[in-house]
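The structure under discussion appears below in the form of structure tokens.
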Amino acid sequence: MGIKVLGVNHRTAPLDVRERFAHGAHEVPAALARVMAAGATGGVLLSTCNRTEFYLIADDEPAVETVWALLGERLPSSPPGGGGSGVGGVHDYGYIARDREAVRHLYRVSSGLDSMILGESQIQGQVRDAWEASRAQAGPVLHRLFQTALHVGSRVRTETALGMGTASAASAAVAVAGKIFGDLAGRSALILGAGDMAELAATCLTDEGVQVTLVANRTQERARAIAERLGARALSLEEAWPHFATTDIALCSTAAPHAVVTWERVGQTIAGRRGRPLCILDLAVPRDVDPAVAQLENVFLYDVDDLQTVAAQATARRRDEIPAAERIVEEETDLFWAWYGGLGVVPAIKEFRSRMDQLRAGELERALRQLGHLTPEDRARVEHLSQALLNKFLHQPTLALKQAAEEGRGYGLLEAMRRLFGLGGDEGGPGGPGGEGPSA
Amino acid sequence: MCAVILTLHFIALALYGLATALTLAPFVGLPSAPRAITVALPSAGAAVHVVAVSQLTLVGLGPALSMLALCLVLLQLASERLLRGSAVAFFTSPLATGLVGLALLSGLAPGAEPSAGRNAWFILHVALSVLGLALLALAFIAAALYLLQFRELKARRFGQVFQLFPPLERLDRLNRFALVAGFPALTLGVLLALGYAARFAGGLHVGKAQIVWGVFTWVVLGWAVWVRVVRHWAGRRAAFASIAGFSAVLLVYVALKLAEPGAERFL
Chain Z
1 MGIKVLGVNH RTAPLDVRER FAHGAHEVPA ALARVMAAGA TGGVLLSTCN
51 RTEFYLIADD EPAVETVWAL LGERLPSSPP GGGGSGVGGV HDYGYIARDR
101 EAVRHLYRVS SGLDSMILGE SQIQGQVRDA WEASRAQAGP VLHRLFQTAL
151 HVGSRVRTET ALGMGTASAA SAAVAVAGKI FGDLAGRSAL ILGAGDMAEL
201 AATCLTDEGV QVTLVANRTQ ERARAIAERL GARALSLEEA WPHFATTDIA
251 LCSTAAPHAV VTWERVGQTI AGRRGRPLCI LDLAVPRDVD PAVAQLENVF
301 LYDVDDLQTV AAQATARRRD EIPAAERIVE EETDLFWAWY GGLGVVPAIK
351 EFRSRMDQLR AGELERALRQ LGHLTPEDRA RVEHLSQALL NKFLHQPTLA
401 LKQAAEEGRG YGLLEAMRRL FGLGGDEGGP GGPGGEGPSA
Chain H
1001 MCAVILTLHF IALALYGLAT ALTLAPFVGL PSAPRAITVA LPSAGAAVHV
1051 VAVSQLTLVG LGPALSMLAL CLVLLQLASE RLLRGSAVAF FTSPLATGLV
1101 GLALLSGLAP GAEPSAGRNA WFILHVALSV LGLALLALAF IAAALYLLQF
1151 RELKARRFGQ VFQLFPPLER LDRLNRFALV AGFPALTLGV LLALGYAARF
1201 AGGLHVGKAQ IVWGVFTWVV LGWAVWVRVV RHWAGRRAAF ASIAGFSAVL
1251 LVYVALKLAE PGAERFL
């Protein structure tokens, strides 16, 4: 057993593939339950528009294969990205990291170093949400890992300038709309969906003077809550389509599993705009807007990948901060690994000493049977000698193990000790945190 | 006098040429020059150019081209304030450089000196005509920038054009302003030419082809203004209309000039 991360992200899979792997919050428990049933003892599923990653405490077989199968089922027979289909197809897009590399990976993710938009801060909240959503299945090691990941993210953002500037998808949305309309003050916006991303982008737009006039959502209560905050009117989705005739900006971020803004629904309405430009910002994954809508004259449609491309251009300044951020990640990875190594050391030392003491007691008993003439005082002296010898022999290995664990090097020594002395391998610590030590 | 005019034109040419090189640098992967420099160079060039033009006799091809170049640079500097960027310079800067070069090649020596009594009338005719042409050229440039930016935005490409060109809405406004101001200026300039010819030159000395094609050009330009102002065309359609209008002016001028070459008259 060990820490593993496996999944796909923006570097390994295009948007049309990533959106197939994206898990809604309601899908997370079932997906994790399936992986846990395959032998994992802890699991967290992080699913954002840029990545779907399973963090597991598991052996490679069969939990890892279960994850690949689970993701593979979401691929069609001929994926749009041109990769393979099913489990074979997942391997075209997927990656896996183990143990220390897995820890480092999550720390880089939470600090924004692995984001499409370098240093973006939204990922911090997404890591927190994933941890919260998977609390029941996470287990103590992953609890600790995610807790420290959030700490690493905070450290990187406060101690470096990696998060400075406006290189988020939401600010890119403002930049793109600005290239169409020039001054955004006085423009009107319609919001479809009531997710955090929509609200964040809407806030960026209102900061530029855009008037958010309508918020449409499948559930009216959530729409009303956001509409109140933005000074807009709440609608149902069906009521929203005619408003595509008048609005300047449509911001789409519903949780629908398929396109809701289709040619059939808005084509006629948009055609009646008499050439006035309409900027549609599709922030949803899976996408909310049928790409065919972009064919309409004077309709400018941008999805998450487009906005992130724009935002990525603003990251050039942030690149100078990468070395400082990577140093923090390395420091924190060492600390976690020391803690994780320490988890296995205590039970391993206890077992080691217990096993040696059993041997000592057995050999002492046999020797004393042959030395029946000894007085009780002499027998006590021999027993004391055996105990003292054992303590002397075990002192240096015990110290070395503890010290190695504190320095984050316990993993190798523990493995060596287990092999040399035939100790059990399933009792906590690196390489086998079945029991997973103390809770975080 | 002639040497001073030539020297000033060469200085203006050098400054415009340098400004052009700096303006176009980002398109060949070089870093953008500071905005202060890209504004200062054409401004300095225009200042020298104004002095040079003020000493010209505005008769003939060379002086007209020189004045057209000056108008373009002045409109470029003015529109850059409106657009809050230097995108117009991508076109006007090389165009003005080329026009000054052509003016020098075709000769800037004084032509037939109009009599003092006719001077004000004539100068107004030339100034309005050249200003009208420069404004129509600016409308053409704004339309071209609009179409390029439109294409990039529609295709979701976020390269140099997206970064450096102004927003669509501002380009559309500039196009409308330049077209709507340029057409009456040119019309008035032509009417002044007719009045000047009738009053001071003893009648209109132009060929039938010039009249027919002149009217054709005026109709095309008038149509571009009509669809813009009366039919409320905007955006891409209006950009195409502006391009059609200025293209008509340019093609007819080149055709007429090829039919009757000579540097002693602008047309």
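For the record, the sequence lines run as chains Z and H. Taken in order, the first sequence gives residues 1 to 440; the numbers are from the numbering used here. Taken in order, the second sequence gives residues 1001 to 1267; the numbers are from the numbering used here. Here a beta-carbon is modelled for each residue, glycine too, at the ideal position from N, C-alpha and C.
| Query | Result |
| --- | --- |
| Beta-carbon separation of A63 (chain Z) and A102 (chain Z) under 7 Å? | no |
| Rounded C-beta distance between L1186 (chain H) and S1129 (chain H)? I'm assuming under 8 Å. | 6 Å |
| Quick one: what's got a C-beta closer than 7 Å to S386 (chain Z)'s C-beta in the same chain, skipping five residues either side? | R360 and L364 |
| Residues of chain Z with CB under 8 Å from G1029 (chain H), in chain order? | Here the premise fails: no neighbours, minimum Cβ distance about 15 Å. |
| Could you compute how far the alpha carbon of A1012 (chain H) sits from the alpha carbon of V1039 (chain H)? | 14 Å |
| With 16 other CB atoms within 10 Å as the buried threshold, where does C1002 (chain H) fall? | exposed |
| Counting only Cβ-Cβ distances shorter than 7 Å, please list the residues of the region 1160–1183 of chain H near chain Z, keeping chain order. | F1162, P1167, L1168, E1169 and R1170 |
| Let me know the secondary structure DSSP gives V210 (chain Z) once reduced to three states. | coil |
| Would you please state the rounded distance, in angstroms, between the beta carbons of E328 (chain Z) and V152 (chain Z)? I believe it to be under 8 Å. | First, the amino acid is wrong: residue 328 (chain Z) is Ile here, not Glu. Confirmed, about 7 Å. |
| One question on the structure: do Q1160 (chain H) and F1027 (chain H) come within less than 7 Å of each other, judged by their Cβ atoms? | yes |
| Kindly identify the DSSP beta-bridge partner or partners of Y302 (chain Z). | Z:L281 |
| Alpha carbon to alpha carbon, what distance is there between F1200 (chain H) and R1156 (chain H)? | 58 Å |
| Work out the CA separation of W1226 (chain H) and H1232 (chain H) for me, nearest whole Å. | 8 Å |
| Leaving out the 5 sequence neighbours to the left and right, which residues in its chain are closer than 8 Å to A1198 (chain H) when beta-carbon positions are compared? | L1204 |
| Compare the C-beta of G81 (chain Z) against all C-beta atoms of chain H and say whether one is closer than 7 Å. | Bear in mind that a pLDDT of 49 at G81 (chain Z), under 50, signals an unreliable position, so the number given afterwards is only what the model happens to contain. No, G81 (chain Z) lies away from the interface with chain H (no Cβ there is under 7 Å from its Cβ). |
| With a cut-off of 8 Å, do at least 3 Cβ pairs link the region 275–292 of chain Z to the region 139–153 of chain Z? | no |
| My parser needs the alpha helix (DSSP H) runs of 4 or more residues fully inside the region 1010–1056 of chain H; what are they? | 1035–1054 |
| Got a sec: is the Cβ-Cβ distance from G1235 (chain H) to anything in chain Z below 7 Å? | yes |
| What is the DSSP secondary structure of I1123 (chain H), reduced to helix, strand or coil? | helix |
| Checking the sheet assignment: what are the DSSP bridge partners for Y95 (chain Z)? | Z:G7 |
| Using beta carbons (cut-off 7 Å, strictly below), is I309 (chain Z) in contact with chain H? | Before going further, note that residue 309 (chain Z) is Thr rather than Ile in the sequence given. With 7 Å as the cut-off, T309 (chain Z) counts as an interface residue toward chain H. |
| At a CB distance below 7 Å, what residues from the region 277–303 of chain Z approach chain H? Give them in sequence order. | P277, N298, F300 and Y302 |
| With a CB to CB cut of under 8 Å and the five nearest residues on each side skipped, what residues in its chain are close to Y1146 (chain H)? | L1168, L1171, D1172, N1175, G1235, R1236 and A1239 |
| Take L1256 (chain H) and list the residues in its own chain whose beta-carbon comes closer than 8 Å to its own, dropping the five residues that flank it on each side. | A1209, Q1210, W1213 and L1267 |
| Can you pull out the residues from the region 1138–1153 of chain H whose beta carbon lies closer than 8 Å to at least one beta carbon of chain Z? | Q1149 and L1153 |
| In this structure, how does DSSP classify R287 (chain Z) when only helix, strand and coil are distinguished? | coil |
| Nearest by alpha-carbon distance to T1092 (chain H): which of H:S1106, H:L1070 and H:V1053 is it? | H:L1070 |
| For R1156 (chain H), go through chain Z and note every residue whose CB falls closer than 7 Å to its CB, in chain order. | Y302 and D306 |
| Would you please verify whether the beta carbon of G267 (chain Z) is less than 7 Å from any beta carbon of chain H? | no |
| Output yes if chain H places a C-beta closer than 7 Å to the C-beta of I117 (chain Z); else output no. | no |
| With DSSP run on the structure shown, which of helix, strand or coil describes I57 (chain Z)? | strand |
| Once DSSP output is grouped into helix, strand and coil, what is the label at I117 (chain Z)? | coil |
| With DSSP collapsed to three states, give me the class of C252 (chain Z). | strand |
| Taking Cβ positions only, does G1117 (chain H) come closer than 7 Å to chain Z? | Confidence is the limiting factor: at G1117 (chain H) the pLDDT is only 43, short of 50, which leaves the residue's position unreliable, though a coordinate-based value still follows. No, G1117 (chain H) does not count as interfacial toward chain Z. |
| Using a cut-off of 8 Å between C-beta atoms, extract the partners of I180 (chain Z) located in chain H. | L1153, P1167, L1168 and E1169 |
| Name the DSSP beta bridge partners of T158 (chain Z), please? | According to DSSP, which records beta bridges pairwise, T158 (chain Z) is partnered with nothing at all. |
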